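Asks: Before we start, here is the structure in question, set down as structure tokens.
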Amino acid sequence: MNENGPALLMTRPREAAQRFVELLPSNLRANLPIIYSPLLEISALPIMIDLGGVDAVIFTSGEGVRVASDGQPLRIRAYCVGERTTKAARMAGWDAQYSGDTADALIAALRADAPGGNLLHLHGEYTRGAVAKRLSDTGISCTGMAIYRQELSSFTAEADTALATQRPLIVPLFSPRTAAHFASLCPENAHLSLIAMSEQVAEVMPRLQSGARHVSKFPTAEAMVELVCDVAQTWLRVETEPSED
Numbered sequence: 001m002n003e004n005g006p007a008l009l010m011t012r013p014r015e016a017a018q019r020f021v022e023l024l025p026s027n028l029r030a031n032l033p034i035i036y037s038p039l040l041e042i043s044a045l046p047i048m049i050d051l052g053g054v055d056a057v058i059f060t061s062g063e064g065v066r067v068a069s070d071g072q073p074l075r076i077r078a079y080c081v082g083e084r085t086t087k088a089a090r091m092a093g094w095d096a097q098y099s100g101d102t103a104d105a106l107i108a109a110l111r112a113d114a115p116g117g118n119l120l121h122l123h124g125e126y127t128r129g130a131v132a133k134r135l136s137d138t139g140i141s142c143t144g145m146a147i148y149r150q151e152l153s154s155f156t157a158e159a160d161t162a163l164a165t166q167r168p169l170i171v172p173l174f175s176p177r178t179a180a181h182f183a184s185l186c187p188e189n190a191h192l193s194l195i196a197m198s199e200q201v202a203e204v205m206p207r208l209q210s211g212a213r214h215v216s217k218f219p220t221a222e223a224m225v226e227l228v229c230d231v232a233q234t235w236l237r238v239e240t241e242p243s244e245d
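Numbering (the UniProt record's numbering), first residue to last: 1 to 245.
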């Protein structure tokens, strides 16, 4: 592979980044170098997760599933955002129910179903969507509990070099917080094609001099993979086209 050619820069926590890369077609992985540079590190908070009196939990991320599953043995009904979060919860033994691809969709689904009992949203210190409050405001008993920390980190040396030398980079960004942090660290002249999971992510993306911005049609890993493939194929095709000089 050309060390100066296009590469995929993954800024998600390492395990989540690797799961995403595994969704890419094998021929693309063979031709597109991957640079891992997590800008977010996940660690469990030193608290006891007590599900006594809780009838169902809410998971809005795979990290919540992992930390909750490692932190206590009980498995109950779990309302989940996203098919991959639902699958992870089911594999960990929870009675997982897919409830849409966004927090808004989950809230709408729960309002329609009007589940009885007490719900508990297990999330990180930084969370969006105000799930517990919005459900409580409609009469559904729901509280929230932060069970993991999301600490921001810097680029790896490999990523720093790629950005500084203006190597063409495809950068999928999955959350507004990570996108804003990326913008604060990234040199303005970096050669990027930025891929946002949603309009909310796109709003905080850096407006760089050389690069393009794309927004996924749906806030799902599968839709992000499709967009990464489209952009990567274009870049790789341009790189391999013979020069007219």
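Just so you know, even glycine gets a beta-carbon here, dropped at the ideal spot from N, CA and C. Treat the numbers as computed from the prediction; the structure is a model and nothing was measured.
(1) Within the same chain, show all residues whose beta-carbon is closer than 8 Å to that of F174, passing over the 5 residues directly before and after it, in chain order.
(2) On a Cα-Cα basis, can you pick out the residue from E41, P187 and S141 that is closest to A159?
(3) Within 10 angstroms of its Cβ, does V125 collect 16 or more other Cβ (buried), or is it exposed?
(4) Measure from the alpha carbon of L120 to the alpha carbon of each residue in V65, V228 and I42, then state which is nearest.
(5) How big is the Cα-Cα spacing for A132 and G144?
(6) Would you call I35 buried or exposed, if buried means 16 or more other Cβ atoms sit within 10 Å of its Cβ?
(7) Taking the beta carbon of S26 as the centre, do at least 16 other beta carbons fall within 10 Å, making it buried, or is it exposed?
(8) Roughly how many whole angstroms lie between the Cα atoms of S37 and G139?
(9) Taking the runs of the alpha helix (DSSP H) that are 4 residues or longer, which of them lie wholly in the stretch 29-111?
(10) Any idea what DSSP makes of V204, helix, strand or coil?
Replies: This is what the structure holds:
(1) R12, M197, V201 and M224
(2) P187
(3) Note that residue 125 corresponds to Glu in the displayed sequence, not to Val. Exposed.
(4) V65
(5) 6 Å
(6) Around the beta carbon of I35, a 10 Å sphere encloses 16 or more other beta carbons of the protein chains shown; the residue is thus reported as buried.
(7) exposed
(8) 42 Å
(9) With a minimum length of 4 residues, the continuous alpha helix (DSSP H) runs that stay inside the stretch 29-111 are 62-71 and 83-91.
(10) Reduced to three states, the DSSP call for V204 is coil.
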